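Numbering (the working numbering), first residue to last: 7 to 114.
By construction, the Cβ of each residue, glycine as well, lies at the ideal position given by its N, Cα and C atoms.
The model shown is predicted, which means the values in this text are computed figures rather than measured ones.
Notes to accompany the following structure.
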């Protein structure tokens, strides 16, 4: 995976958010490895008024069904992690193919 940091990630990210962020990234990468059949993964971590993790892959994409309504609990767990911190999770198919996961929580 390629990773890019944008903003003062170490300075503005509270410990509780950092713990959930690491668990979220671990699960997101595991999902790419298990389901996406991707050749490339890009990780972008932005810190400002919020901490926003974007995981982009060039794999199969989530498909037509609601990816949050699948059999696995992984995506629901990621959404619950974000919601418990006042944030959100989105998972969308990219125009160029693949998937974009965005996990965002406020830090204020």
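Under 9 angstroms, do residue 87 and residue 30 count as touching if we go by C-beta distance?
Taking the chain shown and counting its residues from 1, one reaches residue 87 at position 81. Taking the chain shown and counting its residues from 1, one reaches residue 30 at position 24. Contact flag set, yes.
Should residue 123 go down as buried or exposed, given a rule of 16 or more other Cβ atoms within 10 Å for buried?
Coverage of the chain is limited to positions 7 through 114, which leaves residue 123 absent and any answer about it impossible.
Reference residue 95, options 85, 103, 102 and 104, closest by Cα
Locating residue 95 in the chain shown gives position 89, counting from the first residue. When only C-alpha atoms are compared, the closest one is 85.
Start-to-end residues for the beta strand (DSSP E) that takes in residue 1:
A query on residue 1 cannot be resolved here, the shown segment of the chain reaching from 7 to 114 and no further.
What does the alpha-carbon distance come out to for the pair residue 36 and residue 47?
For this step, residue 36 is matched to residue 30 along the chain shown. For this step, residue 47 is matched to residue 41 along the chain shown. Taking the straight line from one Cα to the other gives about 11 angstroms.
Taking the DSSP output, what are the residues bridged to residue 53?
Residue numbering aside, residue 53 sits at position 47 when the chain shown is read from its first letter. DSSP lists 57 as partners of residue 53.
Whether residue 40 touches residue 107 by CB criterion (9 angstroms)
For the purposes of this step, residue 40 is identified with residue 34 of the chain shown, where counting begins at 1. For the purposes of this step, residue 107 is identified with residue 101 of the chain shown, where counting begins at 1. The criterion of a C-beta distance shorter than 9 angstroms is not satisfied by residue 40 and residue 107.
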